[in-house]
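Following this note's numbering, the numbering of the sequence shown begins with 224 at its first residue and continues without gaps. The beta carbon of each residue, even a glycine, is placed where N, CA and C say it ideally should be.
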Amino acid sequence: MKISVCLIVKNEEEIIERCLKSVAPFADEIIIADTGSSDKTKDLAAKFTDKIYDFEWVYDFSAARNFAFSKAEYDYLFWLDADDVISGEDAAKINELKNEKKPADTYMFKYIAGTDSDGSPTFTYYRERLMRNCKYARFKGFVHECISPFGKIEYRDIAVIHKKEKPSPPKRNLELFERNIDNGVTLNAREQYYYAKEYFYLGNYKKCIEELEKYLGMDNLYHADEWDAMLTIFYCCEKTGKRGGEKYLFKSLEKFGPDSKTLCFLGDYYKKNLKIGDAENYYKMSMLCEDGEKNRFREKKYEFLEPCLRLVALYFETGRYATAKKYHEISKSRFPNDESVKFNDKFFK
């Protein structure tokens, strides 16, 4: 197996070397598709590869990524963004994959999309990351693009780490959606989900509910997106005061089974409605729930910390001060550097 590492870039002079240094140990070639840099991005990339191509931006991320793929010479393709990195340990694991006698067609790697101040993962999920160079290895979607995993699919304990240094323009993706909708594009289910989420990120919770409810009425929903849509609708209902959002939490439990975030949100719902015993039980169940990563987005804080913090507040607010202190000490023993835990520690002292 030989691997072509493919990126699309624009004005990434601050981070492009960090990214390329991390992939150099396993890359048999590096392909750069530049969509219009005006800084030193291409000069810096030239330290690692001479395969740098200009691609005129056509408001379509898939078109740019597929262009990069089209320049690849080797039998496997690996993609990432300029603000992603691979650890030395995981780069070595990728090199080991090259020696497999019966390699998979699609390898799913973890994507660590968020980390805490200590560098520990806080938000992870699996993505198609390394795949055979063939006609099926093509991105679809003008934004939030993806490749449908194909052939023999394997999940590996290898991670791409997202290390964003500066925020993207907040309305960039929404403007891409609106541009395509205005041009007559009909959104598929995945695009509809991400279109709705853009309103969530911008704080337009009412519009987010409207668009996510449309999404849930569509066919061929991806499990992680569908699960997240249900929880997002509940959250938006709580933010806007709209009644009935809790039904989506129960739908999530019915379809996907228990997970820490859904159980924690149910605790919030029952606490708000002054059903303290129910809230307490759901928070405790949330603390005990261990989530997998293959079918859901994984937010580590909900697997123990958030429900524990909520129990601290619940017990304190209902006058059970000793129990509140007990759960604070539990949270402190496991997450001593968390800002909420440190705040509570000062409070109890």
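query	result
Unbroken alpha helix (DSSP H) run spanning His-446, endpoints	446-463
Minimum C-alpha distance to Ser-245 - residue among Glu-237, Glu-562, Lys-233, Ser-310	Ser-310
Classification of Phe-400 by the beta-carbon crowding that lies within 10 angstroms, buried from 16 upward	buried
CA nearest to the CA of Ala-305, picked from Tyr-506, Glu-240, Cys-460, Thr-546	Glu-240
Helix, strand or coil at Glu-469 according to DSSP, with G and I counted as helix	helix
Nearest candidate by alpha-carbon position, reference Asn-443, set Glu-414, Lys-462, Gly-467, Arg-466	Glu-414
Supposed contact pair Lys-565 and Tyr-525 - C-beta distance, whole angstroms, cut 8 Å	That pair is no contact at about 19 Å.
Meets three-Cβ-pair contact criterion under 8 Å: the segment 254-267 and the segment 320-330	no
Whole-angstrom distance between Tyr-416 and Arg-402, CA atom to CA atom	17 Å
Meets three-Cβ-pair contact criterion under 8 Å: the segment 361-369 and the segment 277-288	yes
Length of the line joining the Cα atoms of Thr-505 and Ile-317	Residue 505 is actually Tyr in this sequence, not Thr. When rounded, the distance between both Cα atoms is 41 Å.
Three-state secondary structure (DSSP) of Met-633	Outside the displayed range of the chain (224 to 572) lies residue 633, so it cannot be described from this structure.
Beta strand (DSSP E) segment containing Cys-229, residue limits	226-232
Three CB pairs or more closer than 8 Å across the segment 456-464 and the segment 426-437	yes
According to DSSP, residues forming a beta bridge with Ala-314	Answer by DSSP bridge pairing: none, since Ala-314 is not bridged.
Rounded straight-line distance, which links the Cα of Tyr-492 to that of Tyr-378	35 Å
Sheet register partners of Arg-361 (DSSP bridge)	Answer by DSSP bridge pairing: none, since Arg-361 is not bridged.
Local conformation of Tyr-282 per DSSP, three classes	coil
Met-508 - containing alpha helix (DSSP H), residue span	499-511
Close-in-space but distant-in-sequence residues of the same chain around Gly-490 (CB under 7 Å, 5 per side omitted)	Ala-502, Tyr-505, Tyr-506, Ser-509, Pro-530, Arg-533
Assigned secondary structure, Asp-568 (DSSP; H/G/I helix, E/B strand, else coil)	helix
Close-in-space but distant-in-sequence residues of the same chain around Ala-256 (CB under 6 Å, 5 per side omitted)	Ile-231, Tyr-276, Phe-278, Ala-287, Phe-290, Ala-291
Expected contact under 8 Å - CB spacing of Leu-498 and Leu-537 to nearest Å	With the sequence shown as reference, residue 498 is identified as Lys, and Leu is not the correct amino acid for it. 11 Å between Cβ atoms; not a contact.
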